[in-house]
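Following: one structure in structure tokens, then a few remarks.
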Amino acid sequence: MAPDSLAAALTATAGAVLAAVLLSATWDHGAGTRRAALRTVTTALCLATALAAAGIWINRQVDTVTTWSALLGRDTSTAATADPAPAGATGGRIVTFTATGTASGLTLAVHAYLPAAYDRQPTARFPVIEALHGYPGSPASWLNRLAAAHHLDQEIVAGRMAPTVVLFPPQTPHALLDTECTNLAHGPQAETFLTVDVPTAAETHLRVRTDRAGWGLIGYSAGGYCAANLALRHPERYATAASLSGYADPGITIGDGTEHTLNDDAWRLRHLPNPAVALYLSAGRADRKAHRDADTLTHLARPPLCVTTVYVDGGGHSMSVWEAAEDPAFDWLSGWLGRPVG
Amino acid sequence: MPPTGLPLLILVGVTATGAAAVTVRTWRRHRLRWQVLTRPAAVLLTEALVLLTVGLAANRAEGFYPTWADLLPAHATRHDTGPARPGHLDHWITAQARRAPTTPVAFPWHPPRGNRWPVTAAPTVVVPADYPLHPTWRYPVVTVLADHATPAQEAAAARTVEDRTAATIVVFAHLRATATVDTLTETLPDSLARDLRVTTHSWALIAPADVAGLAGAVVRAAPTRYPALALLEDTPEPAADVVPADLPTTETVTVVRAPQRHPGPAADQLPTALLWACQQTPPPLSAPAPLIPPPPQHRHTHPSRTAPPTGH
């Protein structure tokens, strides 16, 4: 029973109800110190089960903690090997490989969507998109809540997207540690993992293009910031990136002050030469900060940087906005990436 | 009352406080048999209202769900992509393709005011055979700067590419060495976009090494239009200064040299360069899916498909 399963949510809810019943039933039992202790314990149990139930229901929405070991702060490599949603019978499939962090020191499992053409064309090398999740979240959010495999199958069959390998790497070794895909001064080197170790592992385990023309990024919320920031910081690695409701800054303390400079996209566009990459910035109109930041980046962008903005009418900072935006974003990215070769 | 509104937050917060107060006041009021129901119900209701208050406060601060509709899943309405805006030459190309459906359509291109271009001859455009079959697709372009190739060599090279990779439009520009950068970054792309369904970016450029200077200036001026550059060398010996200096770091460059045993003119390396250049471009694709719900569609009158192409 995984912590993001319906069974866990229902069990936790039942536990909260039972705790309330226990509190009511035992309130008048005993006397003196014993009664006080019993009341204290049952009241604490009541609060704990209510919070646990709420937390598990929220976790089901964001797929942050997918195994109990991840909840205890252990390495998410185990979490990432949880069974992902299978792709359709006639569509692509999901595989998992391990990215050994020779550069970053992080060794984590990475899910990958392989299009149906991957098996039909056994010598071809495919373009790649790294899909980055939000915080709180995990790669399972893309596969479960956003049904990425289904959407990718649909867009490829419709001829709006080329057959593409899509990677779903974790951005942190600990589910509750927010790295914003940066190299934390005294923490995980997430940026190095995502831009060096994951591409190296993908090129080792999968038939993917190795050149810049074949690599792009996409992400929602914190992952959206990650996608845009990594593309601006590594234009020699990525040709394009799509940010769905991403902010222009990481919103965390990195430890070396770069959250105000090199890892602040608006600062980069103001103070550094703009690279020749293509950015797709999408946000709900009611998502004030994401909308404002997308506007800011658009106004700061100078050639050769290309920026395309797409705003979803209404829409906040939620999965429904990102599910609405993922199809156009994947299609747009594919139009900027090199084709499958070989 | 929107889910991010202060009135709702206050209402739920006050209700939670009231529920807690009522729970305390009525804790012993009912008979024992009813307490089994009323006490747990009161505790659970209070807990739920407190959690809801916290949730609404978080939603108000972060703007996750600004409206009640945002709590619902996105409407799963799908829309097929309509035809791309047709190029002025689409109808004529369709007619040509009927005669030889599996052969690329190659023709001398005479765009409006093309006689003012700095060319030695009208550019040759090679359109893939499947172009008429996919009216929703937009095609990437490979521009060959000044290839010194004969028309027969151009056609043969284009056929080789068509056989070995997916469709791409090839333009043999036949530019003079004195041509300016604007011709390749603005004039030619703008004219081609009027006449054919082409993408606006991610093209590739092929140039003989003797005009590498012009090619370098072009990719410096338009690195997203031409992110890939192939230079043709007619000698097998590496020449250190073939690749122009100060190209953008994002530029992908290759030098296609004559084979060691069969050195020859640069045009002989054209099929190899074309194949490489095509692989750097995206495949032809339909326009991206519309957003859900899609933005309002404004009807445009399409240009006439029956007008004959200029020069034909």
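Protein chains in written order, with the numbering used here: chain V, 1277 to 1618; chain R, 12 to 323.
Don't be surprised by glycine CBs; every beta carbon is placed ideally from N, CA and C.
Under the three-pair Cβ rule at 8 Å, the stretch 17–36 of chain R does not count as touching the stretch 234–248 of chain R. Going by beta carbons, Val155(R) and Ile217(R) fall inside the 7 Å limit.
The C-alpha of Leu55(R) is placed about 16 Å away from the C-alpha of Trp45(R). Contact between the stretch 162–174 of chain R and the stretch 201–215 of chain R is absent: fewer than 3 CB-CB pairs across the two stretches fall below 8 Å. The Cβ-Cβ distance between Glu262(R) and Val222(R) does not fall below 7 Å.
The secondary-structure analysis by DSSP pairs Thr263(R) across a beta bridge with Ala239(R). Going by DSSP, His1575(V) is part of the alpha helix (DSSP H) stretching over 1564–1576.
Residue ranges of uninterrupted alpha helix (DSSP H) with 4 or more members, entirely inside the stretch 138–190 of chain R and ordered along the chain, are 162–175. Residues of the same chain with a CB within less than 8 Å of the CB of Gly1463(V), apart from the 5 flanking positions on each side, are Leu1453, Thr1455, Gly1531 in chain order. Among the residues of the stretch 1497–1519 of chain V, those with a Cβ less than 8 Å away from any Cβ of chain R are Pro1511, Glu1512, Ala1515, in the order of the chain. According to the DSSP secondary-structure assignment, Asn126(R) is paired through a beta bridge with no residue.
Between Arg187(R) and the set Leu67(R), Gly24(R), Val130(R), the nearest pair of CA atoms involves Val130(R). Shown here, Arg1544(V) sits in a helix according to DSSP, grouped into three states. For the C-beta of Arg1436(V), the chain R residues within less than 9 Å are, from N- to C-terminus, Thr92, Thr147, Leu296, Ser297, Ala298, Pro299, Ala300. Across the structure, Val1338(V) and Arg1421(V) are spaced so that their CA atoms are roughly 8 Å apart. Of the residues assessed, His1536(V) falls on the exposed side of the cut-off, its CB having fewer than 16 other CB atoms within 10 angstroms.
In this structure, the straight-line span from the alpha carbon of Ala226(R) to that of Pro1279(V) is close to 58 Å.
For Ala1284(V), the uninterrupted alpha helix (DSSP H) run begins and ends at 1282–1302, by DSSP. In this structure Pro238(R) touches Ala1552(V) by the C-beta definition: roughly 7 Å separates them, less than 8 Å. DSSP places Ala111(R) in the coil class of the three-state scheme, outside both helix and strand. Nearest CB-CB separation between Asp81(R) and chain V: below the 7 Å threshold. Within the stretch 1443–1530 of chain V, the complete beta strand (DSSP E) segments at least 3 residues long are 1491–1496, 1516–1520, listed from N- to C-terminus.
Residues of the stretch 1540–1572 of chain V with a C-beta atom less than 8 Å from some C-beta of chain R are Pro1551, Ala1552, Val1553, Ala1554, Gly1560, Ala1562, Asp1563, Arg1564, Lys1565, listed in chain order. Its Cα nearest to that of Asp1540(V), the residue Ala1507(V) stands out among Val1586(V), Ala1507(V), Tyr1394(V).
For Ser1380(V), there is no enclosing alpha helix (DSSP H), as DSSP marks it with neither H nor E. Contact of Thr64(R) with chain V by beta-carbon distance below 8 Å is absent, the smallest such distance being about 12 Å. Residue pairing of Tyr1389(V) in beta bridges, as defined by DSSP: Ile1370(V), Val1442(V). Under the 7 Å criterion on CB atoms, Leu55(R) is classed as interfacial with respect to chain V.
Assigned with DSSP and collapsed to three states, Ala1423(V) falls in coil, not helix or strand. Not a single C-beta of chain V is nearer than 7 Å to the C-beta of Pro282(R). By the C-beta density criterion, Val25(R) is exposed, having fewer than 16 other C-beta atoms within 10 angstroms. Residue contact with chain R for Trp1608(V): present (Cβ-Cβ distance below 7 Å to some residue of chain R). The beta carbon of Val1617(V) sits closer than 7 Å to some beta carbon of chain R. Between Ala1605(V) and Ile1494(V) the beta-carbon gap is near 6 Å, inside 8 Å, which marks them as a contact. DSSP places Ala1313(V) in the uninterrupted alpha helix (DSSP H) bounded by 1308–1338. Interface annotation, Leu1613(V): in contact with chain R, CB-CB separation under 7 Å.
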